[in-house]
Each structure stands twice: as C-alpha cells, then as structure tokens.
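Residue numbers (our numbering), protein chains in the order written: chain F, 4 to 333; chain C, 611 to 862; chain U, 214 to 468.
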Amino acid sequence: MAKKIVNSVRLGIFVLSGLAFLILLLFMIGRNKSLFGSTYVLKAKFENVQGLIPGNNVRYSGIQSGTVRNIKIVNDTIIEVSMMIDTEMQDIIRKDAIASIGTDGIVGNKVVNIVPGKGHAELAREGDVIFSKKPIDTDAILQKLSNTNNDISEIVSGLKITVERVNSSTALWELLNDETIPKEIRQSAVNLRLTTSRAGMMADDLHTIIADMKAGKGSVGVLLKDTAFAYNLNEAVLKMNKVGSQADRLTNDIGTIVKGIQQDVNSGKGPANAFLKDSVMVKNLNSSIDNLRKGTDGFNQNMEALKRNFLLRGYFKRQERQKQAEKPNP
Amino acid sequence: MQSELKLDTESNKVLIIKELCKSFGDNHVLKDFNLELVKGESVVVLGKSGSGKSVLIKCIIGLIKPDKGSIHIFGHNIPDLDHDKLDQIRAKVGFLFQSNALYDSMTVRENLEFPLRRHWLEVSQKEVDNMVISALEDVGLAHTIDMMPVELSGGMRKRVALARTLILKPEIILYDEPTTGLDTITSKEIIELMVEIQQKYKTTSLIISHDMNCVRMASNRVVMLIEGKCYASGTFNEITQSADPKVKQFFE
Amino acid sequence: MSLKSDLRSFLTLNGELFRFTFRFFSHGLNPPYEFAEFLKQCYVIGYKSLPLIGMTAFIMGLVLTMQLRPSMADYGVEAQLPAIVAIAVIREVGPVITALIFAGKIGSSIGAELGSMKVTEQIDAMEVSGTNPFRYLVATRVLACTLMLPILVMLGDAVSLYGAYLGVNIHTNTSFTLYWTQVFDNLTFGDVLPAFIKSYFFGFAVGIIGCYKGYNSSKGTEGVGRSANSAVVVSSVIIFVIDLLAVQVTDILNY
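Written out as structure tokens, the structure reads:
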C-alpha cells in the first residue's frame, strides 16, 4: 500500500509540473498579448496599415505598452486601428500623440509606434482617436530607391558615352580650333597673306618701273645717269626683297605651328597640353606678327618715300589714272 | 440498474446443451452437439486436438457465440443474455484456463482479488483477504500470496489459477485441459486436487481433456466428442469396453 | 497478387481500427470506471516515460540550437536564435519527437502486454471474471496515453528549451532571464495551443493503435512480437499523418 501512495505523489507531481509549464507558457504569452491586466482602447486612423494584424505590438516611445485589438475599414481610404493600451499608460499618452506604423527590425512584425506630440494636450481617454502619421512605406522606399538607381545608372551610362565621344572624336577639338586660337592664327595668316601680296604687288610695280627705265621710256630714262637716285632705288628694291623673304619665312612658321596643333589635337593629347602649346604658340605668333608688322611698316615707309620722290611722282600719277580709267569697265 | 438474475440452482440439471452448432468458415467444429450435466457429477469431454472441445467450453462460458442451438445454465440460455446477466451467471461458473491466464502484472493476491472486484463495494478488505487466504489454503499455496506469477512453477501456477476459480465459490467449474504442459506427477497432484475440491464444495465439473489419467481419475461420466457430435457417452469403463473403432483408437 | 493482398490488408487495418475506435467511444467510456487501473496506467505511461522523453528532448533542444546557429549567423540574426528555436520546439519538434519516442516506448509495450494477455487467455479470464477487459485494459490505457502525452510534451518542451538555452550559451553569453524573455516574446497562443491540442491526438493514436494491435494479436509468441512491432510502426506513421492534418487545420484557422 505504501508503494501506491508514492506512485500517486509522483504522478501528481508529474502531472502538475506539466500543467504548470503549460500555464506558465500561456500566462507569459498572455501577458505579452495584454490579455491579463487592465487595458483601455485608443484609436488611430490610417490610409494604409501595411499588413498590420490584430495582436501586433503597440509601443510608446519604444516601450511595449499594448497590442492591436482590431482593424476596421471605415471607408475606401480610411482604416481605423483599435489598440489596447495598458492602463498604466493612461497618465502618459496625450491626445496629440502621433501613431505610425513601423516594422520591428527590417523583416520583423509590424508595430504601431506612438510618439508624444509637441504640445501639451489633454491626456487621451478611453476610445479617443490620436493623430497618425503617414507610415513610411518600406515598399515605396524600396521602389524609389530602385528608381533612383535606374536614373543614376542612366546618367552614368550617358556620361560614359559622352566621355567616350570626347575621347574618340576630333569634333570638339575642331571646335576649339575654329573658335579660339585658330581664329587668331587664321586672322594672322590672312594679314600675312595680305601683306605678302601687297609686297609682291609693289615688287612687281618696281620691276615694271625699272624695266621701263632700262628701256629709257618716258621722262625717267633721261635721268638714268643720276647715280644717287639709282643707288636709292636699288636700296629700296633690296629692302623690299628682304621684307618679302621675311614674310615668306613667317608664313612657313605659322603653317608649322598650326600643323603642330592639329597634330596634337588629332592624336588626342590632353587639353592641358594643347593649352600649354597654345600659350607658347600665341607668344610665337605674336612675336611673328610683330616682326611682320615691323617689316610691313618699313616697307610702307619705303614705298611712301618712293612715292614722294619727284622722279617717280609722274609714274605713280599715271598709275593712278590708269586704275581710275579701268574702274568704270571692270 | 443491474437487475438481479433469478438463478434456478435447485434444479437437478444445471447445464443443458441442445443442438449446438458452431463453424469457422467451412470448418464445422460443432454439429448438433447435445449434453446434459446433472448436479454434482463430474463429466469429462474426450476428444482429439482440434475436435472442438475448447470451442464447446468457451461457448458455455459465453466467450464464443454459437451459430445455433441453446446452452441453458441454471435455466438461462447463455447466447441470449446481455453482458450484465452473463456476468451474474459467470460468477457461479468457474473456468480454469488451459494456460492458467494468471495476470502477469499482478501478484498472486491481486490475481485472486481480481474476480472479487465486482463485489468490492459490498465486501470489506478484511473479508477479501480472508477469502484469498482460504482459497490459497485449499490449493496448499498460502505462502505464495505476495509472489508474482512468473516466480511460480507450472504446477503452482495451475493451482493458483484453480484457487482464483474457486474464490467465487462456483456451482459449476469448467476445466480446459487442466493437465496440459505438466509432468505426470504434477498432473496427478492437480487431478487429485480437483477431485478433492469436487467433494468438498459439491461442485459440478465439466472437464475437457485428452489425458487418460485425468479421464480415469476425475470422471463420473465420459463423453466422446467426435466429428462435432456427442459420439458416445458412459462411464470410463463402459467407454474403454466400446467396440467402436473411433472410440477405441483413444485407448490404444 | 501481393499488391492486391497488401491493399486488402491495409484497408482491413483501416476498417478494423475504425471499428475499434468506435467501440472505444461507444463502450469504453461507460461505467464502471476503472479508476485505479487508470491511475496506474497514468503512472506507468506518463511518469515512467519522463526520463527517456526528458533526455531526448534535452538533446533535441541542444542539437537544434547548435545546428541552426551557423545559418543564423550567416544571415546576421544570431540574436534571434532563442526565438527560432522556441518556435521550432513548441510548434513541431517537441510534440512530434516526444510522440515518436512515446510510440516507441509505450506503443510497443501496450502492444506486447495486451498481445501476451490475449495469447495466454488473460483477456478471456478477465471477461469470465466479470470485468470488461475492453474497459479495464483498453479504455484505461487509451485515456492514460491521451492525457499523459500532452503533459510529457509540455515537460519535454521545457527541458528542450533549457537544452537550447545551454546551446545558445556555448558561443554567446545570454542571461537566463534574457533568454526566456526572448522565448516568451516570440511565442503566441497560435504556437502553443495547436501543438498542445495535437499532442492529445498523438497520444490517443499511440494508445488506440497499441491496444488494437495487442487486443487482436494472433496466437503464439510470434504474434505478440508482431503486435508490438506493428503498433510502433503504425502509430509512428499515424503521428505524421495527424501532424500533417494538424498543420493544415492550423493554417486554415490562420494561426
């Protein structure tokens, strides 16, 4: 008989401990679910509850303070969420508190987060509706992020194409060529050509005069024996030749420089290089142009001197007349 | 709720079997078997293995439902009785199983107490103890009361099983091959015990056996069960003198 | 031929098992109640299984935690280990492992016990002794199994979660309070109650199948062995079937 009593005691302990664990489990869960202990109801209205379900936690400034009791659709845009809040929060949550729906961690359950409002409104009572904030929709954020990503990727690919084009094409460099340095160069070249042609023209004129003189034509031939005049004239012709050869050299120099720039641009050397070249070239150019001008000035002076010479005045006047006679019928 | 069954224990004929039939599929074990047991007599049913002796005895106690025929014990037809009434008849009919059927998980005392369970509300624990001890003394095994059945020898187990059968003071005892699996000396002791109890309690015995010693020593009357029928009947001497070849082959 | 007879025996098993279950509900639960035997069986089936179940549950909790840790650490959610293990143990591992061990221990012992009682005519002897063996043997055992397994599952869960606590603490230092807070915080009624309810069904299945197999054992010692064996096999399979049904029902009920 004693054996049987021990059996019953052990059986009793066994059964009770099993049930005790079950009850403990249920009680602990129930406490988390606010089934035990007194609660009051607060409401909040949302446009989108993002999968919030009854039983989700409600937190006040991060403190577990209740659970979602039910979710009711009021109309096509408003959803009312009723929350069971622990009674001890009754002295804390005010009417202007703001509820929002968030997530417990990145992939966790949905939670309702209540944060205190800025003002000092009355304390919220049973059944009050507190403010709500449009929830941060993680999906939307992800959607936006994805869009942004797409945009960035588009921009990057555009940039890439541009850079590739810049690198591979001469168009830009031709543009630079046309509008900045080359313009000047071209202008200089034009001037140069002008000067050169004028020099050429004068030289031709002189040739004609000298040939005329040699042939003893007109009044000029009479004066051929005047050595002083002949010396002067020779000197002028030599000077003119000098200027002409100088101009030729300059034209060659400029041609070389332009060629060099074009080569640089075409071979794709960096813009810095080109600019460096540019400044050097401009300097060179300037000095060349200066030289040219000086030469041309000198030439002009010689020509003026020649014109004023009384011996040749008649020739020049005739030339003028011929030109004017030619003009009406070109 | 359990109505008391009126048992006709005064009548001379305690067990009447009429036209009993039982078949398992195509195997017709019992075909129109008839038997009457008179109060106080000891009848041995003799037959080959598989001749339906065990089926007969299980039909009598209500463990097997016969296909046809009637079995009247104390004036009640066993196949017609519901469970409660059958239990009341069974309280007056002891059954000694071939394999003893002692409950392995119980001590000898608990085994003997078991049939008294139905009466526990009416009988005090002290009376139960007395009944257990006196039943064990009847079979000479009072010292084994707190032993487990596995600790007992084959002969002792048979005696404990007999004590358990006796504890309800049955009017009729059905023995299913009581000497099977026992050596000659032990079987002889068991048979002597059976005879002793028969005389002491004036019970009516129906013994199923194919053991000649058992038949000779315990029987007032012998019934030959051959081909599902009561083939021959008579005292041991009459049967042994029979000229019928089917009867004769048992005694060769 | 073999397939046909297999199908036939399968259907026969189903049919007879159903009839046996029906008999349990129609006859087994009527008075007289075998209260003493029921308590005895509760003791044998419940209390005596506790060391075995406790040990396996402990190991299961510990191993599960250690196995889950690397994957959890890979995802950077190692801190969620107690929560994951708690849910796994309470919802699935606890009830099923406990039920399977229970089927192995109790299903086989019931099958063998009733089988040998059948073979040695003890069941007939009870019938003759005025005791309904179905109520005395079957009903008490089935009820004891049904009521004791949930208790064992609960204790197994507790031991298992303690094992998991030790497992969590192998690599990190989590306080006992923090561990249990995390466990309880992440469980819901939807985890505990369906698991608790289904363990009643597990217990009932183990009990009824063990009893059916034993009660219908064929003659001879071989029959007893076969009863014990098939009791374990059939009840283990049924446990999984019930588990499958339970998860569907729980799913429909949205827990």
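For glycine and all other residues, C-beta sits at the position ideal for the given N, C-alpha and C.
Query, Result
"Test: alanine 277 of chain F CB closer than 8 Å to a CB of chain U", "Bear in mind that the predicted position of alanine 277 of chain F carries a pLDDT of just 49, short of 50, making it too unreliable to give a figure here."
"Those residues which DSSP pairs with histidine 686 of chain C across a bridge", "C:Ile683"
"Chain F contact for isoleucine 319 of chain U (CB, 8 Å cutoff)", "no"
"Alanine 441 of chain U vs glycine 328 of chain U beta-carbon contact at 8 Å", "yes"
"Where phenylalanine 24 of chain F falls, given that 16 or more other Cβ within 10 Å makes a residue buried", "buried"
"According to DSSP, residues forming a beta bridge with arginine 62 of chain F", "F:Gln67, F:Asn116"
"Candidates C:Ile849, C:Asp821, C:Asp756, C:Val742: closest to lysine 779 of chain C by CA position", "C:Val742"
"Validate contact between the segment 343-361 of chain U and the segment 245-262 of chain U using beta carbons, cut 8 Å, 3 pairs", "yes"
"Given 8 Å, three or more beta-carbon pairs between the segment 405-412 of chain U and the segment 274-293 of chain U", "no"
"Residues of its chain near arginine 196 of chain F, where Cβ-Cβ distance is below 7 Å and the 5 sequence neighbours each way are ignored", "none"
"Pair within 8 Å by beta-carbon distance, valine 84 of chain F and isoleucine 76 of chain F", "no"
"DSSP-derived helix/strand/coil call for methionine 86 of chain F", "strand"
"Glutamine 708 of chain C vs threonine 796 of chain C beta-carbon contact at 8 Å", "no"
"Start and end residues, beta strand (DSSP E) containing valine 44 of chain F", "42-49"
"Classification of serine 135 of chain F by the beta-carbon crowding that lies within 10 angstroms, buried from 16 upward", "buried"
"Chain F within 8 Å of aspartate 219 of chain U, Cβ atoms only", "no"
"Short-range partners of chain U found in the segment 58-74 of chain F, where Cβ spacing is below 8 Å", "Gly58"
"Proximal chain F residues relative to leucine 275 of chain U, where beta-carbon distance stays under 8 Å", "Chain F residues near leucine 275 of chain U: none, gap ~18 Å exceeds 8 Å."
"C-alpha gap between proline 676 of chain C and aspartate 854 of chain C, whole angstroms", "29 Å"
"Contact between the segment 767-785 of chain C and the segment 800-809 of chain C (3+ Cβ pairs under 8 Å)", "yes"
"Helix, strand or coil at isoleucine 128 of chain F [DSSP, three-state]", "Checking the sequence, you will find arginine at residue 128 of chain F rather than isoleucine. In this structure, arginine 128 of chain F counts as coil in the three-state DSSP scheme."
"Minimum Cβ-Cβ distance from alanine 157 of chain U to chain C less than 8 Å", "Absent from the model: residue 157 of chain U. The displayed extent of chain U is 214 to 468, so no value can be given."
"Inter-residue Cα distance where the pair is asparagine 847 of chain C and glutamate 787 of chain C", "21 Å"
"Proximity test, aspartate 404 of chain U beta-carbon vs the ligand ADP heavy atom, cut-off 7 Å", "Although the ligand ADP was asked about, the structure shown includes no ligands whatsoever."
"Exposed unless 16 or more other CB atoms sit within 10 angstroms - verdict on phenylalanine 231 of chain U", "exposed"
"Proximity of valine 639 of chain C and serine 633 of chain C at Cβ, strictly below 8 Å", "yes"
"Test: isoleucine 32 of chain F CB closer than 8 Å to a CB of chain U", "yes"
"For valine 332 of chain U, the nearest candidate out of C:Asn710, C:Leu691, C:Gly844, C:Ile670 (CA to CA)", "C:Asn710"
"The beta strand (DSSP E) enclosing glutamate 629 of chain C, as first and last residue numbers", "623-634"
"Valine 166 of chain F to leucine 148 of chain F span [Cα, whole Å]", "26 Å"
"Secondary structure of asparagine 399 of chain U, DSSP reduced to three states", "helix"
"C-beta neighbour in chain C for glutamate 340 of chain U, strict 8 Å", "yes"
"Neighbour-count burial assignment, serine 373 of chain U, 16 or more Cβ in a 10 Å radius", "buried"
"N- and C-terminal bounds of the beta strand (DSSP E) containing isoleucine 783 of chain C", "782-786"
"Bounding residues of the alpha helix (DSSP H) (the contiguous stretch that carries methionine 339 of chain U)", "335-341"
"Cβ pair isoleucine 671 of chain C, phenylalanine 724 of chain C closer than 8 Å", "no"
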